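Just so it is clear: in the sequence shown, position 364 is 363 by numbering that gives the first Met the number 0, and no numbers are missing. Contents: one structure, followed by commentary.
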Amino acid sequence: MMETAYETLPEVEPAEAKASAGTLVMKFGGTSVADPEKIRRVAARLVGARRSGVRVVGVVSAMGYHTDELLALAHEVSPRPKPRELDMLISVGERVSCALVAMAIADLGTDAISLTGSQAGIVTDTVHGKAKIVEVKAHRIHTALDEDRIVLVAGFQGVSTAFDITTLGRGGSDTTAVALAAALGADACEIYTDVDGVFTADPRLVPEARKLHAVSYEEMLEMAASGAKVLQLRSVEFARNHGVKLHVRSTFTDEPGTWVREEDARMLEKALISGVTHTVEEAVYEVEGVRPADLFEALAAAEVNVDTIIQMDSRIVFSAPLEDRPHAEEALGRLGARFSEQLGLGKVSIVGAGMKSHPGVAARTFATVRDVGVEPKFVATSPIKIAFYLPHDDVEKAVRALHDAFDLGSPEAERRHA
Ligand code: ASP
Ligand code: MG
Numbered sequence: 000m001m002e003t004a005y006e007t008l009p010e011v012e013p014a015e016a017k018a019s020a021g022t023l024v025m026k027f028g029g030t031s032v033a034d035p036e037k038i039r040r041v042a043a044r045l046v047g048a049r050r051s052g053v054r055v056v057g058v059v060s061a062m063g064y065h066t067d068e069l070l071a072l073a074h075e076v077s078p079r080p081k082p083r084e085l086d087m088l089i090s091v092g093e094r095v096s097c098a099l100v101a102m103a104i105a106d107l108g109t110d111a112i113s114l115t116g117s118q119a120g121i122v123t124d125t126v127h128g129k130a131k132i133v134e135v136k137a138h139r140i141h142t143a144l145d146e147d148r149i150v151l152v153a154g155f156q157g158v159s160t161a162f163d164i165t166t167l168g169r170g171g172s173d174t175t176a177v178a179l180a181a182a183l184g185a186d187a188c189e190i191y192t193d194v195d196g197v198f199t200a201d202p203r204l205v206p207e208a209r210k211l212h213a214v215s216y217e218e219m220l221e222m223a224a225s226g227a228k229v230l231q232l233r234s235v236e237f238a239r240n241h242g243v244k245l246h247v248r249s250t251f252t253d254e255p256g257t258w259v260r261e262e263d264a265r266m267l268e269k270a271l272i273s274g275v276t277h278t279v280e281e282a283v284y285e286v287e288g289v290r291p292a293d294l295f296e297a298l299a300a301a302e303v304n305v306d307t308i309i310q311m312d313s314r315i316v317f318s319a320p321l322e323d324r325p326h327a328e329e330a331l332g333r334l335g336a337r338f339s340e341q342l343g344l345g346k347v348s349i350v351g352a353g354m355k356s357h358p359g360v361a362a363r364t365f366a367t368v369r370d371v372g373v374e375p376k377f378v379a380t381s382p383i384k385i386a387f388y389l390p391h392d393d394v395e396k397a398v399r400a401l402h403d404a405f406d407l408g409s410p411e412a413e414r415r416h417a
């Protein structure tokens, strides 16, 4: 298996690297294309953008819960479907929606062509289920754009260096869109979704949460890694590495959403904290008597994405995504490690670029949670994040208290340009 440790700038063959200013990549999530009426609305939006004069590349997710349904079907047929065949199957969802959008665009009198990831030149490594993009050979897209067509690309998939169909991990259409925006030199990558943007907290928990006007790549990375579901983590990484400006906005309105871009003064000064994120279920493992090098090598070999790591003498506590749990347990078993899983924990994180230069954020965070009677179990930080694990029944209380303590319900929290 050939895995790339990080995603390099997708190569664009030199002859194609023509000036492509005026290109827009527009990505639509599963709820945006959930039924025929919505598909027609997406088509109309793409045509509207084309008529305004820009070259348009549309990337779509599978309709509604189509990917989940295909996955369930696979598991009804086979207890352990082979990863190669699973990718062959679940890549179908995006082909369906992509072809339907192209049909609807034609009905509006504009020429469109749908392409699979493979046809669009998206080349990946060979890790089925979470492949990484190694190259984008965009000549077919360029040709179609030159012919004045709207190009629809099936999200979430590519073709591996071994010529198999691969998928990019759940939520991977975001990464398809960002990779295409980088490879085509697009002005921006618009991510259309069923929420209005990125909020200072989950509005279902905190009704006074504000829609952020702008967040930095680093903040968005931390937020996506700690519970904000609006963007796939890898797509944000890719956007940061290639300077692709993202605009996360609602499919159902014309309101501007949230820009994800380089850090600027408003992020450092207007509001120290960009948001409070949370998860209600975390897989936290406590391991005893294994050297860290051996432990993390085994986890890496099992394709487990380790998140937080805390070591005290011979005890190591780490967390990993829930979906990696079977692999993590297998790896720990194989090592013969003594381990236990901490169940019933959630995680609350506060994220903000301004934290770097303003003392007292940690003090205020922990005083706030203490005052509402919450006891953090483990704490993990980065220069722009303070995260703590806590019993999941306490998550809501802690999120609300912190949102309040950092004034995130105030207009300044939105970080608009003056
Ligand atoms: N359809 C895929 C998923 O459900 C990819 C995506 O929506 O971005 O994960
Ligand atoms: Mg998504």
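Using N, Cα and C, we set each Cβ at its ideal position, and we do this for glycine too. Quick caveat: nothing in here was measured; it's all calculated off a predicted structure.
Any 3 or more C-beta pairs closer than 8 angstroms across the stretch 192-209 and the stretch 144-158:
No, the stretch 192-209 is not in contact with the stretch 144-158.
Taking the C-alpha atoms as reference points, what is the distance between L401 and I383?
Within the sequence shown, residue 401 is the residue found at index 402, counting from 1. Within the sequence shown, residue 383 is the residue found at index 384, counting from 1. Between L401 and I383, the C-alpha separation is close to 16 angstroms.
If you check the beta carbons only, do A352 and E134 fall under 9 angstroms apart?
Taking the first residue of the sequence shown as 1, we reach residue 352 at position 353. Taking the first residue of the sequence shown as 1, we reach residue 134 at position 135. No, they are not a contact pair.
Going by beta carbon distance, what residues of the same chain come within less than 7 angstroms of T109, once the five residues before and after it are set aside?
If you number the sequence shown from 1, residue 109 lands on position 110. Only V46, R49, I149 meet the Cβ criterion.
How far does the alpha helix (DSSP H) with Y216 in it reach, from first residue to last?
Numbered from 1 along the sequence shown, position 217 holds the residue referred to as residue 216. From DSSP, the alpha helix (DSSP H) with Y216 extends over 216-224.
Is S60 near the ligand MG, in the sense that its beta carbon is under 8 angstroms from a heavy atom of that ligand?
One-based indexing of the sequence shown puts residue 60 at position 61. Answer for S60: yes, Cβ within range of the ligand MG.
On the DSSP letters alone, give me the boundaries of the alpha helix (DSSP H) that E75 sits inside.
Reading the sequence shown from its first residue, position 76 is the one you call residue 75. Start and end: 65-76.
Among R239, A33, D34, G57, the one whose alpha carbon lies nearest that of R44
What you label residue 44 is simply residue 45 of the sequence shown in a count that begins at 1. Here the closest residue by C-alpha is G57.
Taking 8 angstroms as the cut-off, is the CB of G28 close to at least one heavy atom of the ligand MG?
For this step, residue 28 is matched to residue 29 along the sequence shown. At least one heavy atom of the ligand MG is found less than 8 angstroms from the C-beta of G28.
Which class does E15 belong to by DSSP, given the choice of helix, strand or coil?
Position 16 of the sequence shown, counted from the start, is the residue given in the question as residue 15. Confidence at E15 is low in this model, with a pLDDT of 44, below 50, so the placement of that residue should be treated as unreliable; the coordinate-derived value is given next. When secondary structure is reduced to three states using DSSP, E15 falls in the helix class.
Thinking C-alpha only, which one of T30, R40, P80, E262 is nearest D253?
For the purposes of this step, residue 253 is taken as the residue at position 254 of the sequence shown. Cα-wise, what sits closest to D253 is R40.
Thinking C-beta only, is T166 closer than 9 angstroms to V122?
Stepping through the sequence shown from its first residue, residue 122 is reached at position 123. Stepping through the sequence shown from its first residue, residue 166 is reached at position 167. For V122 and T166, no; Cβs fall outside 9 angstroms.
Pick helix, strand or coil for E236, following the three-state DSSP scheme.
Locating residue 236 in the sequence shown gives position 237, where the first residue counts as 1. E236 falls in the helix class under three-state DSSP.
Can you tell me which of the three DSSP states F295 falls into?
Here residue 295 refers to the residue found at position 296 of the sequence shown. Residue state, collapsed to three classes: helix.
Give every residue of the same chain whose Cβ lies closer than 6 angstroms to the Cβ of A208, excluding the five residues on either side of it in the sequence, and list them in chain order.
Mapped onto the sequence shown, residue 208 falls at position 209. Here the set comprises F198, T199, A200, P202.
What do you get for S318, buried or exposed, if any count of 16 or more other CB atoms within 10 angstroms of its CB means buried?
Taking the sequence shown and counting its residues from 1, one reaches residue 318 at position 319. So S318 ends up on the buried side.
In chain order, what are the residue ranges of uninterrupted beta strand (DSSP E) at least 3 long that sit wholly in the stretch 247-282?
The qualifying runs are 257-260, 274-278.
Buried or exposed, going by whether 16 or more other CB atoms sit within 10 Å of the CB of A412?
Position 413 of the sequence shown, counted from the start, is the residue given in the question as residue 412. A412 sits buried, since 16 or more C-beta atoms from the chains shown fall within 10 Å of its C-beta.
Can you tell me whether T174 sits near the ligand MG, meaning its C-beta is under 8 angstroms from at least one heavy atom of the ligand?
Start at 1 with the first residue of the sequence shown, and residue 174 comes out as number 175. Every heavy atom of the ligand MG is 8 angstroms or more from the Cβ of T174, so no.
For S113, collect the residues of the same chain with a Cβ closer than 6 angstroms to its Cβ; drop the 5 residues on either side in sequence, then sort them by chain order.
Within the sequence shown, the letter at position 114 stands for residue 113. So the qualifying residues of the chain are C97, A98, A101, L151.
Hey, L344 and Y284 are a contact pair by Cβ (cut 8 angstroms); roughly how many whole angstroms apart?
The count along the sequence shown starts at 1 and reaches residue 344 at position 345. The count along the sequence shown starts at 1 and reaches residue 284 at position 285. The pair is not a contact, with the Cβ atoms about 11 angstroms apart (cut-off 8 angstroms).
Please specify which runs of the beta strand (DSSP E), each continuous and at least 3 residues long, are wholly inside the stretch 23-108, giving them in chain order.
Entirely contained in the stretch 23-108, the beta strand (DSSP E) runs reaching 3 residues are, in chain order, 54-59.
The ligand ASP and T66: does the residue's C-beta get closer than 8 angstroms to at least one heavy atom of that ligand?
Walking along the sequence shown from the start, residue 66 turns up at place 67. Yes, Cβ of T66 sits closer than 8 angstroms to a heavy atom of the ligand ASP.
Cross-strand partners of E189 (DSSP beta bridge):
The residue given as residue 189 occupies position 190 in the sequence shown. Partner(s): M25, H246.
Short of 7 angstroms in beta carbon distance, which residues of its chain neighbour A361, apart from the five on each side in sequence? Order them along the chain.
On the sequence shown, residue 361 is found 362 positions in, with the first residue counted as 1. Result list for A361: I385, in chain order.
Taking the alpha helix (DSSP H) that A366 falls in, what are its first and last residues?
By 1-based counting over the sequence shown, the position of residue 366 is 367. A366 -> alpha helix (DSSP H) spans 360-370.
At a cut-off of 8 angstroms, is Q118 close to the ligand MG when judged by its beta-carbon and the heavy atoms of the ligand?
In the sequence shown, the residue the question calls residue 118 occupies position 119. No, the Cβ of Q118 stays beyond 8 angstroms of every heavy atom of the ligand MG.
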